[in-house]
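According to the UniProt record's numbering, the sequence shown holds residues 1 to 401 in order. Just so it is clear, CB atoms sit at the ideal spot from N, CA and C, and this is done for glycine as well. Working notes, structure below.
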Amino acid sequence: MDNQRKRSPYRKPAIAALSAAALSTALLLSVSAPYAFAASASDTAPASDEPIASPIAVAQPIVAAQPIAAANPAADAVKITFKSVQQSTKQLETDLQVPVISGMKDTAYQNTLNANIAARAKAAVDAITKQAAKDYAANDGSYEFRPYGITVRYELVSDGSADADGILSFKVLTYTYTGGAHGGTYAQTYNVRNAAKASSIKLKELFGPSYKTILGRAATAEVNAFPDDYFASKNVAIADSQSFVIKDGLAFIIFQEYEIAPYAAGMPEIAAAIPGSSAIAPAAAAKLPIVADGKTVKGAVVLPAAAGNLMAPLRAVAAALGFEVRYDAKSHETMVSKGSFTASVMQGKDRYAYGDFQAFALGAAPSVKGGVLYVPLNFFSAGLNADLAYTTTAITLNAAK
1 MDNQRKRSPY RKPAIAALSA AALSTALLLS VSAPYAFAAS ASDTAPASDE
51 PIASPIAVAQ PIVAAQPIAA ANPAADAVKI TFKSVQQSTK QLETDLQVPV
101 ISGMKDTAYQ NTLNANIAAR AKAAVDAITK QAAKDYAAND GSYEFRPYGI
151 TVRYELVSDG SADADGILSF KVLTYTYTGG AHGGTYAQTY NVRNAAKASS
201 IKLKELFGPS YKTILGRAAT AEVNAFPDDY FASKNVAIAD SQSFVIKDGL
251 AFIIFQEYEI APYAAGMPEI AAAIPGSSAI APAAAAKLPI VADGKTVKGA
301 VVLPAAAGNL MAPLRAVAAA LGFEVRYDAK SHETMVSKGS FTASVMQGKD
351 RYAYGDFQAF ALGAAPSVKG GVLYVPLNFF SAGLNADLAY TTTAITLNAA
401 K
């Protein structure tokens with residue numbers, strides 16, 4: 001995070017001095033798709049509900065990024081290149097790498113998506129160009145006018161290949177500077193199913209109609225567990241157009257800077273396991289504490305297991321979620337219950353059962369370490385219906401209400 005606090009990258013030598021009109025023309029030509037409808041791309045935007053001319057939020061400067069690509073990309077991976085537009089005047093310095101998508105199965109959707117991305121970039125440039133001209137003209141010479149700036153970069157998260165479950169997910173980061181100590185970055189996200197008939201992916205589709213409650217509880221638990229890192233809040237709200245990206249069965253919920261935390265915190269992300277997916281826990285998660293219903297589970301050590309699984313102590317975590325745990329010597333099963341609900345696990349068997357539902361596997365069997373029975377972390381979400389999320393500071397679990 002510290003390396004992102006360096007001086008903003010918007011100040012770059014100009015390759016060409018373009019007029020504002022020429023810059024807009026360059027943006028109009030920056031995608032292969034016809035641009036006739038792009039001026040109203042909010043009506044045709046396939047991957048986001050946010051209006052194309054939404055204000056750029058104040059945030060931290062982004063580091064100049066190279067196009068992100070896998071070391072050995074899959075043959076069926078969607079590709080992202082960019083069209084570069086640079087400009088330097090007394091009023092405004094521009095450095096754009098506007099992403100261009102290719103290789104999607106649905107080329108019509110791909111063309112619309114490219115036009116939408118270009119339209120958003122153009123809208124941002126037009127807005128800051130107008131503001132820079134107005135403020136430059138208003139300067140009476142009593143202070144030095146520092147050129148405003150805009151930088152556009154992108155980050156590919158999932159490449160739409162079969163290995164990525166056919167999910168194309170990426171961010172477009174727009175940094176703007178309009179004077180002062182630092183500028184701000186806004187993250188626009190796109191999540192698309194790369195299929196013959198492509199479609200945008202919504203949080204409601206992934207987490208169900210109660211997605212705002214589920215994800216809001218996870219975010220609120222994080223804020224309450226680490227109050228020094230966030231603004232005080234009893235209930236973190238999830239927006240209709242909440243930014244997020246998807247990777248390895250996890251939805252990374254992105255909060256813009258200053259939205260729930262101070263500038264120094266960056267853009268907080270909460271990684272929530274998508275129900276029904278074989279989510280792979282973040283690599284650093286094994287070192288994080290477990291927070292259950294807003295309270296740290298004391299002595300709960302997380303252990304790594306095969307295939308990216310993480311194991312957690314069953315009794316300590318289940319009890320923190322309000323469950324009773326007992327061992328049935330006759331069946332050799334450990335029973336986890338709350339009210340009329342009962343789930344069961346058996347040491348050495350990758351077979352988990354609850355209620356009257358058919359038993360299921362989680363990719364790792366319960367095991368005993370130091371006299372403590374461990375189960376996969378996703379047992380608490382898949383078996384006990386708790387909301388599981390990963391943040392940069394904790395693994396959070398919230399019991400179903």
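Under the three-state reduction of DSSP output, residue 292 falls in the strand class.
Here DSSP, grouped into helix, strand and coil, assigns residue 217 to helix. Residue burial is scored here from C-beta neighbours: residue 207 has at least 16 other C-beta atoms within 10 angstroms and is therefore classed as buried. Assigned with DSSP and collapsed to three states, residue 379 falls in helix.
For the set 147, 94, 75, 99, the Cα lying nearest the Cα of residue 162 is the one of 75.
Spatial neighbours of residue 166 in its own chain (CB-CB distance under 7 angstroms, excluding positions within 5 residues in sequence) are listed in chain order as 160, 193, 194, 195.
Exposed is the label assigned to residue 360, since fewer than 16 other Cβ atoms lie within 10 Å of its Cβ. Counting along the chain, residue 197 sits inside no alpha helix (DSSP H), nor does DSSP assign it H or E at all.
Secondary structure at residue 393: coil, using DSSP grouped into helix, strand and coil. Cβ neighbours of residue 226 within its own chain (closer than 8 angstroms, five residues either side excluded): 393, 394.
325 is the residue among 309, 290, 325 whose C-alpha sits nearest the C-alpha of residue 315. For residue 254, the closest C-alpha among the options 247, 269, 145 is that of 269. Assignment of residue 222 by DSSP, reduced to helix, strand and coil, places it in the helix class. For residue 87, the uninterrupted beta strand (DSSP E) segment begins and ends at 79-88. Excluding the 5 residues flanking it on each side, residue 223 has same chain C-beta neighbours closer than 7 angstroms at 230, 233, 236, 260, in chain order. Shown here, residue 129 sits in a helix according to DSSP, grouped into three states. Between the alpha carbons of residue 396 and residue 103 lies a distance of about 37 angstroms.
Closest by C-alpha distance to residue 376, out of 401, 399, 370, 346, is 346. Under the three-state reduction of DSSP, residue 110 is assigned to helix. The shortest CA-to-CA distance from residue 256 to any of 248, 249, 250, 244 is the one to 244. Of all alpha-carbon atoms in 203, 155, 367, 96, the one lying nearest the alpha-carbon of residue 87 is that of 96.
Classified as exposed, residue 142 has fewer than 16 neighbouring CB atoms from the shown chains inside 10 Å of its CB. Beta-carbon to beta-carbon, residue 387 and residue 214 are separated by about 5 angstroms, close enough to satisfy the 8 angstroms threshold. For the pair residue 179 and residue 136, the Cα-to-Cα distance works out to about 11 angstroms. Boundaries of the alpha helix (DSSP H) around residue 203: 203-207.
If the five residues before and after residue 349 are omitted, its C-beta is found closer than 8 angstroms to the C-beta atoms of 365, 366, all from its own chain and listed in chain order. Per DSSP, the unbroken beta strand (DSSP E) holding residue 351 starts and ends at 349-354.
If one requires a minimum length of 3 residues, the beta strand (DSSP E) runs lying completely within the region 225-276 are 243-247, 250-254, 269-273, in chain order.
By the C-beta density criterion, residue 116 is buried, having at least 16 other C-beta atoms within 10 angstroms.
Annotation: residue 242 to residue 156 spans about 18 angstroms, alpha carbon to alpha carbon. Runs of the alpha helix (DSSP H) lying entirely within the region 284-343, each at least 4 residues long, are 314-320 in chain order. A straight line joining the alpha-carbon of residue 80 with that of residue 107 spans about 14 angstroms. Pairing residue 210 with residue 190 gives a Cβ-Cβ distance that is not under 8 angstroms. Here the C-alpha atom of residue 336 lies approximately 41 angstroms from the C-alpha atom of residue 258.
Rounded to whole angstroms, the gap between the alpha carbons of residue 312 and residue 374 is 5 angstroms. Following the DSSP letters along the chain, one finds residue 165 in no beta strand (DSSP E), marked with neither H nor E.
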